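Comments concern the structure below.
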């Protein structure tokens with residue numbers, strides 16, 4: 002496998018509304034998407050765009066707020082009530098090929114391949130096999146962009 | 002202030018050598034810099050390049066291994082012996098201006114402005130004021146690049 006683009010880093014927050022104010026008023030972000038619910042992952046989601054090199058789109062910040070107490074992110078936040086860095090997400094060209102690659106290496110895949118926040122197939126890998134990082138693998142959206 | 006490029010995310014590891022094998026053999030990275038000691042931060046450091054959009058340089062992964070038991074990262078890793086996501090680093094055009102900006106907002110700055118792993122001035126902000134993320138602010142290297 003070849004290392005793909007770092008599409009986004011996932012940042013958990015107790016309040017997306019508060020995080021949006023933070024990224025806008027403290028960090029100076031100008032492009033923040035409208036939050037929406039992603040019930041399949043148990044989270045409310047929005048993206049903060051960061052500038053890339055040479056006027057391109059950079060790695061995004063994915064803000065995730067637990068939709069309820071049963072959300073996996075709610076459990077994660079029990080130890081980190083203020084939120085913080087939750088996962089990293091790399092792009093791949095072909096999600097099935099990537100899944101086979103990680104399976105072949107004996108990595109623990111968390112659940113089935115499903116549709117993620119960008120509308121393309123994704124899966125997650127357990128941090129214990131990924132040097133401590135919860136890692137999302139995401140198929141690059143067709144037609145580029147993010 | 003205007004949000005700058007997400008220069009890198011800092012990932013702590015008990016062993017840079019092991020992390021390099023992981024990024025090369027599991028994640029498929031092809032560009033990894035030689036590790037070097039950064040005694041001012043108490044860490045050994047190297048960078049994994051990720052591809053950006055349109056053939057540009059993407060956000061880097063900064064691998065940090067504690068140089069010894071007194072390293073701030075060693076303390077951090079007591080609770081996370083396998084390592085994991087440690088900090089995020091955003092670029093700014095002018096480090097003094099950025100420092101004044103965060104000071105004016107009452108944010109807790111950790112220590113003096115100093116020279117970071119890319120050879121430009123940096124400072125760190127306390128996660129408690131930054132929505133749970135230890136945040137590094139780094140002046141963009143002159144002449145572009147990273």
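Protein chains in written order, with the numbering used here: chain A, 2 to 147; chain B, 2 to 147. The C-beta atom is built at its ideal place from N, Cα and C for all residues, glycine as well. On a predicted model such as this, the values are computed, not experimentally measured, just so you know.
TODO: Round the Cβ separation of residue 100 of chain A and residue 41 of chain A to the nearest angstrom and send it over; I've been treating them as touching at under 8 Å.
DONE: By one-based count along the first chain, residue 100 of chain A stands at place 99. By one-based count along the first chain, residue 41 of chain A stands at place 40. About 17 Å separates the two Cβ atoms, so there is no contact after all.
Open item on the list: Measuring alpha carbon to alpha carbon, tell me which residue in B:76, B:34 and B:128 is nearest residue 88 of chain B.
Closed with: Against the second chain, residue 88 of chain B aligns to sequence position 87. That would be B:128, whose Cα lies nearest to the Cα of residue 88 of chain B.
- [ ] Report back the beta-carbon spacing between residue 78 of chain A and residue 30 of chain A to the nearest angstrom; my notes put them in contact at under 8 Å.
- [x] In the first chain, the residue the question calls residue 78 of chain A occupies position 77. In the first chain, the residue the question calls residue 30 of chain A occupies position 29. Actually they are not in contact, since the Cβ atoms of residue 78 of chain A and residue 30 of chain A sit about 22 Å apart, beyond 8 Å.
- [ ] Taking residue 68 of chain B as the query, report the chain A residues whose CB atoms sit under 9 Å from its CB, ordered along the chain.
- [x] Residue mapping note: residue 68 of chain B aligns to position 67 of the second chain, counting from 1. In chain order: nothing, as chain A lies at least about 19 Å away.
Open item on the list: Given this structure, state the Cα-to-Cα distance separating residue 104 of chain A from residue 107 of chain B, to the nearest angstrom.
Closed with: For this step, residue 104 of chain A is matched to residue 103 along the first chain. For this step, residue 107 of chain B is matched to residue 106 along the second chain. When rounded, the separation of the alpha-carbon atoms in residue 104 of chain A and residue 107 of chain B is 48 Å.
Task: CA-to-CA distance, residue 43 of chain B to residue 9 of chain A, given in whole angstroms - done: By 1-based counting over the first chain, the position of residue 9 of chain A is 8. By 1-based counting over the second chain, the position of residue 43 of chain B is 42. Roughly 28 Å between the two C-alpha positions.
- [ ] Let me know if residue 142 of chain A comes out buried or exposed under the rule of 16 or more other beta-carbons within 10 Å of its beta-carbon.
- [x] Taking the first residue of the first chain as position 1, residue 142 of chain A is located at position 141. Per the 10 Å Cβ criterion, exposed.
Task: For residue 38 of chain A, the three-state DSSP class (helix, strand or coil) - done: As a first step, residue 38 of chain A is located in the first chain; it is residue number 37 there, counting from the start. Strand.
Task: Beta-carbon proximity of residue 65 of chain A to residue 11 of chain A, cut-off 8 Å - done: Looking up residue 65 of chain A in the first chain gives position 64. Looking up residue 11 of chain A in the first chain gives position 10. The Cβ atoms of residue 65 of chain A and residue 11 of chain A lie closer than 8 Å to each other.
- [ ] Please compile the residues from chain B whose C-beta is within a distance smaller than 8 Å of the C-beta of residue 12 of chain A.
- [x] In the first chain, the residue the question calls residue 12 of chain A occupies position 11. Those within 8 Å of residue 12 of chain A in chain B are 132, 133 and 134.
Task: 4 or more residues per run - each alpha helix (DSSP H) lying fully within the stretch 72-145 of chain A - done: Complete alpha helix (DSSP H) runs here, min 4: 73-78 and 96-105.
Open item on the list: Can you tell me where the alpha helix (DSSP H) holding residue 54 of chain B begins and where it ends?
Closed with: For the purposes of this step, residue 54 of chain B is taken as the residue at position 53 of the second chain. Element bounds for residue 54 of chain B: n/a, residue is neither H nor E.
- [ ] Kindly say whether residue 20 of chain A, judged by its beta-carbon, lies nearer than 8 Å to any beta-carbon of chain B.
- [x] Here residue 20 of chain A corresponds to residue number 19 of the first chain, with the count starting at 1. Yes, residue 20 of chain A counts as interfacial toward chain B.
Open item on the list: List, in chain order, every chain B residue whose beta-carbon is nearer than 8 Å to that of residue 28 of chain A.
Closed with: Stepping through the first chain from its first residue, residue 28 of chain A is reached at position 27. Neighbourhood of residue 28 of chain A in chain B, by CB distance below 8 Å: 2, 4 and 91, in chain order.
TODO: Determine, using beta carbons only, whether residue 54 of chain A comes closer than 8 Å to chain B.
DONE: As a first step, residue 54 of chain A must be located in the first chain, where it is residue number 53. Yes, contact with chain B.
TODO: Give the residues of chain B in contact with residue 84 of chain A, contact being defined as C-beta atoms less than 9 Å apart.
DONE: What you label residue 84 of chain A is simply residue 83 of the first chain in a count that begins at 1. Those are 132, 133 and 134, listed as they occur along chain B.
Open item on the list: Comparing C-alpha positions only, which one of A:96, A:16, A:126 and A:70 sits nearest to residue 85 of chain A?
Closed with: As a working note, residue 85 of chain A is residue 84 in the first chain. With distances taken between Cα atoms, residue 85 of chain A lies closest to A:16.
Task: residue 33 of chain A versus residue 94 of chain A: straight-line alpha-carbon distance, rounded - done: Within the first chain, residue 33 of chain A is the residue found at index 32, counting from 1. Within the first chain, residue 94 of chain A is the residue found at index 93, counting from 1. Residue 33 of chain A and residue 94 of chain A: Cα-Cα distance of roughly 26 Å.
TODO: Taking only beta-carbon positions, decide if residue 7 of chain A is within less than 8 Å of chain B.
DONE: Against the first chain, residue 7 of chain A aligns to sequence position 6. The beta carbon of residue 7 of chain A sits closer than 8 Å to some beta carbon of chain B.
Open item on the list: Just to confirm my understanding: we take residue 130 of chain B, look at its own chain, exclude 5 residues before and 5 after, and list those with CB closer than 6 Å. What are they?
Closed with: Here residue 130 of chain B is taken as the residue at index 129 of the second chain, counted from 1. So the qualifying residues of the chain are 108 and 109.
Open item on the list: Suppose you measure from the CA of residue 1 of chain B to the CA of residue 118 of chain B; what does that come to, to the nearest Å?
Closed with: Look at the range of chain B in this structure, 2 to 147, and you will see that residue 1 of chain B is not part of it.
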